[in-house]
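Enquirer: This is the structure I want to talk about, given as C-alpha cells.
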Amino acid sequence: MGGAASDLGLRAAWPLSDRGTAVQRPAGARGADSPDARHVSRVPGDGEGLGGHGVARFRAAVWQQQASIGVLGVLVVAAILRTLRLDTFPPGLYADVAANGIDALRLPHHGLQVIYARGTGNGIEGMISWLDAVSVALVGGKPIALYLTTVVIGLVTLPVHYLLGSRLFGRRVGLISTALLAVSFWAVHYSRLGYRTVLVPLFLDLAFLLLWWAVQRGSAWRWGLAGAVIGLGAYTYTSYRLVVLVLAGVIVLRIRAGRELPGSRLSWALFALTATVVMVPLGIATLLDPQVLNRAAGVSVLGGGPVLGIPGRVADHTLRALAAFNLWGDAERQYNVPHLPLFDPLVGLAFLAGIVVAFRRWRESRYALLLIWLGVFTLVVALSDRTPHMLRGSGLVPAAFLLAAVGLDAVLQKLWPRRAALAATAVWVVSLAWTATFYFAVYPTLPNLYLEYMGDRVDVGRFIDASDWYGRQLYVGITYTRNGKVNPDPFRATPIQYMTEGHVAWTFLDYRRVGDLPAGVPIAVVVDAKDSFLLAKLAQRFPDGRVAYILPLPQRPVVVFLHDAGGPFHPASIGPYSNW
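Per the working numbering, residue 1224 is the first one in the sequence shown, and the count goes up by one each step.
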C-alpha cells in the first residue's frame, strides 16, 4: 500500500504492528505513546512545541472527557426523541410486531425458540421475541412494551457505535457519527417501531468492535468472544448473515495488497469456531424446517417476472437503492415519510464527501471495511422485491453514518479547522430539526396512519379484553376483498390476539365456516360494521341474531353480533387510542 498515511490507516483498523514499519503519529500527538496517538484530537498546534508525554496525555485525557460528555448529551437527546409521545405514536401495532409479542407472552410456557413460525413455510429469528419477553414481563401485554424493546436497543447501539467509530477513526469522528446517527430520522423511527431489524446495526457495530479489540489485544478469550458475538448476530435478522461477506472482502483486499493478516491463524480459527458453534442451533432448526427460507427467496427481485427481465430489474432497483441515500427514499408509509431520503441535505453532502475520502484511501483497511460494508448491505436493498425497502437496509446504516462523519470531518478540517467543532454542531442541530419536523410534525398528519398501523385492531383487542361476555363463545371475523374476491384476513387479527392473549379466549371466524357455527349455544361475533358480506352470512345462519352494539372506532367502526338467549351484554367503554 505504501506511504505513511496508508500505514496509519491500517494501524487504526488493525492495531498490531506490521514488521519493519514504525508507528506514525498524527500531527498534534508528538511524544505520545502509540495508543494515545491514535486518539489525540487533531487540532492544529495541539501539543506542538510543548513536548513530552505528560502534555500529550493530559490533552488526550481532556479530549476523552469532553467526548464522554458529548456522548452522554447525545444519549439524552436520543432518549427524548425515542420516547416523546410514545404513548400514542405510532398509533397502533402492526401485525408483524404483534406476532413477536405473542411469542414473547408464550415464552414462559414454551421456552426459547431459535425460529418462530410465521405462517406456512415462513419463520423469523428468535432474538427479538426473547427481548420482548423481558418487556412484557415488566410492562404487560401492551403495544408500548414492544416499542420499549426497540427504544432500548436503539439507545444501546449509540455508545457501541461511538466506540467503533473512535477506534477506527478517532474520537472526533466517532462522536460526529454517533451524534448524526442518534438524531437521524431512520434511527429515531425504527427505534420506535418494534421491528427486529433494529438489532442489525447494534450487532454489526458490536461484532466489528470486538474483532478490533481481539486484534489489538490478542488474547484467546477476546477472539472467542468476538466470534461468539458475530455468531449471535445471526439470530437477529436474515440479512445480518452477510457480515461474512464484509469480513471476507476486507481480508481478501488486505492479503492481495501484500499485508499480513493481523493475528495468528490459530486466533482466526478460534474466532471462526466460536461463531460456528453459536450458530449451530440456528443451522439445525433451518435444516429441520428448510421451508423457513422460503420468504427470503420470495422477497427478492430475482423471483417473479420473466428471467430475461432480471438484468433490467436489477439495474432499476440498484438505481433506486442508490437514490435512497440522498434523493428518493422508501415510499411505504409505515417505514417512512413517503420518499424521504435516508440523509437530510447537509449530512447527505457529508456522506458523498466521505465516499470520496474512502475511495481515495481504500487501501487502508478501515476505509475498505466501510466501503465493503456499505456495498454489501446496499445490495440487500437493491435485490429486494420492492426498492428502496429501508427496513431491510438496516445493515448499511452504521457504515453510512461513519462515512458521513468521515466526510464532514475532512471538509471541516480543511475549510474551517479552528471552527470545525462549531460547524459540526450546527450541522447536527440542522439534522435534529429535520428529524423532529418530519417525525413529529409531518408524519402524524399523513392520512389513515391509524389503520396503517392497525390501531383499530388494537382498540378491538382492548374492547374484547375489557368487556364481559357472560360465557358466550366469542369469534372475530375479518375479511378483505381483492380483485372482486372476498378473503378471510387472520393476519389483521394478530394485534387483537396480542391484546387478549391469556385473558380472553376467542376464535378467528373464516366466513366460509359460518355454517358450522353451533346454533344451540350463545355466541358473539365481532366484525367490521362495513363488512356487509360477513354480516349477511351471520344473519342467514342466525335469523334471530342481532347487532347488539356498535363500537365507534375512528374510520372503521366495529359491531358485536349476538345470537343467544344468554345473560346481559354490557360492552366496555374504551378511551382514545393509547399504546398503554
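Ideal placement from N, C-alpha and C gives every residue a C-beta, glycine not left out. All values derive from a computational prediction rather than experimental measurement.
1. Locate the beta strand (DSSP E) running through Pro1711, then write down its first and last residues.
2. What three-state label does DSSP hand Val1681 in the structure shown?
3. To the nearest angstrom, how far is it from the Cα of Ala1649 to the Cα of Ala1643?
4. Below 8 Å between beta carbons: does that hold for Asp1355 and Leu1387?
5. Mapping DSSP to helix, strand and coil, what is Pro1249?
6. Assign Leu1493 to one of three DSSP states: helix, strand, or coil.
7. By a C-beta neighbour count over all protein chains shown, 10 Å radius and 16 as the cutoff for buried, is Asn1559 buried or exposed?
8. Within 10 angstroms of its Cβ, does Lys1365 collect 16 or more other Cβ (buried), or is it exposed?
9. Going by the CB atoms, is the gap between Arg1685 and Ile1797 shorter than 8 Å?
10. Below 7 Å CB to CB, which residues in the same chain sit around Leu1433 once its five sequence neighbours on both sides are set aside?
11. Would you say Arg1589 and Leu1391 are within 8 Å of each other, going by their C-beta atoms?
12. Using beta-carbon positions only, say whether Val1653 and Leu1592 come within less than 8 Å of one another.
13. Taking only the alpha-carbon atoms, compute the straight-line gap between Gly1481 and Gly1472 and give it to the nearest angstrom.
14. Roughly how many angstroms lie between the CA atoms of Arg1641 and Leu1635, to the nearest whole one?
15. Glu1483: buried (16+ other C-beta within 10 angstroms of its C-beta) or exposed?
16. Would you kindly work out how many angstroms separate the C-alpha atoms of Leu1606 and Thr1541, rounded to a whole number?
17. Go ahead and pull the three-state DSSP assignment for Thr1730.
18. So, are the CB atoms of Leu1697 and Val1737 less than 8 Å apart?
19. Report the rounded CA-to-CA distance for Val1683 versus Ala1716, giving the unit in angstroms.
20. Quick check on Asn1323: buried or exposed, where buried means 16 or more other Cβ atoms within 10 Å of its Cβ?
21. Report buried or exposed for Asn1671, applying the criterion of at least 16 other Cβ atoms within 10 angstroms of its Cβ.
22. Classify Ser1462 as helix, strand or coil using the three-state DSSP reduction.
23. Under the assumption that Pro1621 contacts Ala1547 (Cβ atoms under 8 Å), give the Cβ distance between them as a whole number of angstroms.
24. Taking all protein chains shown into account, do 16 or more other C-beta atoms lie within 10 angstroms of the C-beta of Ile1719, making it buried, or fewer, making it exposed?
25. Is Val1744 helix, strand or coil when you go by DSSP?
26. Please classify Lys1760 as buried or exposed, where buried requires at least 16 neighbouring CB atoms within 10 angstroms.
27. Along the chain, where does the beta strand (DSSP E) that runs through Thr1704 open and close?
28. For Asp1787, which of helix, strand or coil comes out of DSSP?
29. Once DSSP output is grouped into helix, strand and coil, what is the label at Asp1269?
30. Using a threshold of 8 Å, state whether the C-beta atoms of Leu1732 and Val1699 are closer than that.
31. Can you look up Gln1336 in the DSSP assignment and give me helix, strand or coil?
32. Where do the ends of the alpha helix (DSSP H) carrying Tyr1772 lie?
33. So what does DSSP say about Leu1697, is it helix, strand or coil?
34. Strictly under 8 Å for the Cβ-Cβ distance: is Phe1312 near chain B by that measure?
35. Could you please give the first and the last residue of the uninterrupted beta strand (DSSP E) stretch that includes Gly1481?
36. Let me know if Val1320 comes out buried or exposed under the rule of 16 or more other beta-carbons within 10 Å of its beta-carbon.
Expert: Quick answer:
1. 1708 to 1711
2. helix
3. 10 Å
4. Going by C-beta atoms, Asp1355 is not nearer than 8 Å to Leu1387.
5. Caution applies to Pro1249, whose pLDDT of 41 falls short of 50 and renders its modelled position unreliable; the model cannot decide the point.
6. In this structure, Leu1493 counts as helix in the three-state DSSP scheme.
7. buried
8. buried
9. yes
10. The residues are Leu1448, Ala1449, Val1452.
11. yes
12. No, the pair does not count as a contact, with Cβ atoms beyond the cut-off.
13. 15 Å
14. 9 Å
15. So Glu1483 ends up on the exposed side.
16. 8 Å
17. strand
18. no
19. 9 Å
20. Buried is the label assigned to Asn1323, since at least 16 other Cβ atoms lie within 10 Å of its Cβ.
21. exposed
22. helix
23. The Cβ separation is near 16 Å, so there is no contact.
24. It is buried - the Cβ of Ile1719 has at least 16 other Cβ atoms within 10 Å.
25. coil
26. buried
27. 1702 to 1705
28. It is coil, neither helix nor strand.
29. Interpretation of Asp1269 is limited by its pLDDT of 40, a score under 50 that renders its predicted location unreliable; no figure is taken from the coordinates.
30. yes
31. coil
32. Not the alpha helix (DSSP H): Tyr1772 falls in the beta strand (DSSP E), residues 1769 to 1774.
33. Leu1697 falls in the strand class under three-state DSSP.
34. The structure shown has no chain B; it contains just one protein chain.
35. Counting along the chain, Gly1481 falls outside any beta strand (DSSP E), and DSSP gives it neither H nor E.
36. buried
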